[in-house]
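J.: Before we start, here is the structure in question, set down as structure tokens.
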Amino acid sequence: MKKKTILGIGVLLLLLAGALPASAGHFRANIWVGPGWGPRWYGPPHYYYYPYYSDPPTVIVQPPPDVYYYPAPAQPAPQPQQAAPPQYWYYCREPQGYYPYVNTCPGGWQKVAPTPPDQKE
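Add 103 to a position in the sequence shown, counting from 1, and you land on the number used in the working numbering.
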């Protein structure tokens, strides 16, 4: 009878410990399972371990590299622009027409100074 009573009380204590709310995390339960000798099971500690914070990492700021500006190499002096050679149109009398509309001219090509469209008569 005495063993049943102790066993019943132990089961009751285990049930009560399991029925504790989750917010009771700081509670330390000293539940001993087994006879008075040998290993014992202890509940979670009554405090939490706070994380270990070390010093923040050292930030090393390096100066930017030195920038050297060299003068641009000397450019040769610009040469005076020469006038473009005059351009001509080539006219053929037989068959009548201008090159490239007439590909061959048996009588010879005649050089004609080009006239802009607004000055044509």
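Cβ atoms here follow ideal geometry from the backbone N, Cα and C, with glycine treated the same way. Remember, predicted model here, so these are calculated numbers, not experimental data.
So, under 8 Å CB-CB, Y202 and V215 are touching, yes? Tell me the CB distance rounded to an integer number of Å.
T.: 10 Å between Cβ atoms; not a contact.
J.: What separation, rounded to the nearest whole angstrom, lies between the Cα atoms of L117 and S157?
T.: Each residue's alpha carbon lies about 41 Å from the other.
J.: Pick helix, strand or coil for G211, following the three-state DSSP scheme.
T.: Residue state, collapsed to three classes: coil.
J.: Taking the CB atoms as reference points, tell me whether W192 and P174 lie closer together than 7 Å.
T.: No, these two residues do not count as a Cβ contact at 7 Å.
J.: Determine the closest residue to E197 out of I163, P181, P209, with distance taken between C-alpha atoms.
T.: Ranking the options by Cα distance to E197, first place goes to P209.
J.: Name the two residues that bound the continuous beta strand (DSSP E) containing Y193.
T.: Its beta strand (DSSP E) spans residues 192-195.
J.: Taking the straight line between their C-alpha atoms, what separation do you get for T207 and P183?
T.: Rounded to whole angstroms, T207 to P183 spans 39 Å at the Cα level.
J.: Among residues of its own chain, excluding the 5 on either side of P159, which ones have a beta-carbon nearer than 6 Å to its beta-carbon?
T.: Closer than 6 Å at Cβ, skipping near neighbours: no residue.
J.: Roughly how many angstroms separate the alpha carbons of Q185 and P168, rounded to a whole number?
T.: Between Q185 and P168, the C-alpha separation is close to 48 Å.
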